[in-house]
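Below: one structure, written as structure tokens.
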Amino acid sequence: MSRPRHALVTGVSSGIGAAIAEQLLQQGWQVTGFSRTQVRKDHPAFTSVSIDLFDARSLKQALAALPKVDALVHAAGMMAAAPLGDLDEEQGTRLWYLHVQVAQIMANALQPQMEQGDRILLIGSRTSRGAAHRSQYVSTKAAIVGMARSWAAELAARGITVNVIAPGATETPMLLQPGRASSPPQLPPIGRYIKPEEVAALAGFVLSPAAAAITGQELVICGGGSL
């Protein structure tokens, strides 16, 4: 009997990460969730690991302790907004570390054991091509697109796909973070914000065998916000 496929999902305590974890559990995956706070979920296929992703040493130790990972989903994130002239260097460093460096640490540790059909999925942002007052945030989301495309080129021959899902404004706690006060979210043309479950449904497809020919792509789900 074959084992269930195993996904590592970051940011599972709320928002998009929580929705993706739930989607994958419904699809029969075994899910390990990384988050700062312990997640209590009554599901035999879910394991919660409380971890500070900003602690690189602890992160590497946690990765080394995992059973074989078939899909890496990096959904943990944070928002900060400020105009040029008011940029906070420390905030910019934290954004870069969480969105880019953590993805590098995890993918670098996990890819050697990955096999044909395995997946790497990063959660980006529709704003990756630029948005006023969000340069520090946007630069990290643009970076993961280039990074994902580079990894996709390296791993394509092994049958491993690497993609980015880039949501527009999504109904998550991040939408209300004080750090984005100078650049509030814009309601997309469909008249509502994106639901985390909609992002999760797309993630479920991208991680499935049906998406084996999709790699190196930034898949935008924005309710028409990019039109």
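Using my numbering, read the sequence shown as starting at 1031 and increasing by one per residue. All C-beta atoms in this analysis are idealised placements derived from N, C-alpha and C, irrespective of residue type, glycine included.
Outcome for residue i when other beta-carbon atoms lying within 10 angstroms are tallied against a minimum of 16
{"i": "SER1155", "result": "buried"}
{"i": "ASP1072", "result": "exposed"}
{"i": "PHE1076", "result": "buried"}
{"i": "ALA1112", "result": "buried"}
{"i": "SER1043", "result": "buried"}
{"i": "GLN1166", "result": "buried"}
{"i": "ASN1193", "result": "buried"}
{"i": "LEU1232", "result": "buried"}
{"i": "PRO1203", "result": "exposed"}
{"i": "GLN1068", "result": "exposed"}
{"i": "LYS1171", "result": "buried"}
{"i": "THR1123", "result": "exposed"}
{"i": "PRO1197", "result": "buried"}
{"i": "LEU1038", "result": "buried"}
{"i": "GLY1045", "result": "buried"}
{"i": "ASP1148", "result": "buried"}
{"i": "GLN1091", "result": "exposed"}
{"i": "PRO1226", "result": "buried"}
{"i": "ARG1035", "result": "buried"}
{"i": "ARG1087", "result": "exposed"}
{"i": "ALA1048", "result": "buried"}
{"i": "GLU1120", "result": "exposed"}
{"i": "GLN1143", "result": "exposed"}
Bridge-paired residues (DSSP) for residue i
{"i": "ARG1149", "result": "ALA1101 and THR1191"}
{"i": "PRO1197", "result": "ILE1251"}
{"i": "GLY1063", "result": "VAL1039 and SER1078"}
Simplified DSSP state of residue i, which is helix, strand or coil
{"i": "ALA1092", "result": "helix"}
{"i": "ILE1244", "result": "coil"}
{"i": "ILE1340", "result": "Any property of residue 1340 remains undetermined from this structure, which presents the chain solely from 1031 to 1257."}
{"i": "ILE1220", "result": "coil"}
{"i": "LEU1237", "result": "coil"}
{"i": "MET1177", "result": "helix"}
{"i": "LEU1257", "result": "coil"}
{"i": "VAL1069", "result": "coil"}
{"i": "GLY1045", "result": "helix"}
{"i": "ARG1011", "result": "Here the chain covers residues 1031 to 1257 and nothing more, so residue 1011 does not appear."}
{"i": "GLY1122", "result": "helix"}
{"i": "GLN1057", "result": "coil"}
{"i": "LEU1140", "result": "helix"}
{"i": "ALA1111", "result": "coil"}
{"i": "LEU1083", "result": "coil"}
{"i": "THR1202", "result": "coil"}
{"i": "LYS1225", "result": "coil"}
{"i": "LEU1117", "result": "coil"}
{"i": "ALA1162", "result": "coil"}
Option nearest residue i by Cα separation, candidates the options
{"i": "GLU1201", "options": "GLY1189, LEU1152 and PRO1215", "result": "PRO1215"}
{"i": "PHE1064", "options": "GLY1122, ARG1124, VAL1132 and ARG1035", "result": "VAL1132"}
{"i": "SER1078", "options": "MET1144, ALA1051, VAL1250 and THR1123", "result": "ALA1051"}
{"i": "GLY1246", "options": "PHE1235, ALA1196, ALA1182 and ILE1220", "result": "ALA1182"}
{"i": "ILE1195", "options": "GLU1184, ARG1164 and VAL1103", "result": "VAL1103"}
{"i": "PRO1219", "options": "ALA1240, SER1256 and PRO1226", "result": "SER1256"}
{"i": "ALA1187", "options": "GLN1146, ILE1150, SER1032 and SER1158", "result": "GLN1146"}
{"i": "TRP1126", "options": "ALA1048, PRO1142, GLU1184 and MET1109", "result": "MET1109"}
{"i": "ALA1242", "options": "SER1169, ILE1150 and LEU1217", "result": "ILE1150"}
{"i": "LYS1098", "options": "VAL1061, GLY1115 and ALA1106", "result": "VAL1061"}
{"i": "ILE1224", "options": "ILE1135, ILE1251 and GLY1234", "result": "ILE1251"}
{"i": "GLN1053", "options": "GLU1184, SER1169, VAL1130 and VAL1229", "result": "VAL1229"}
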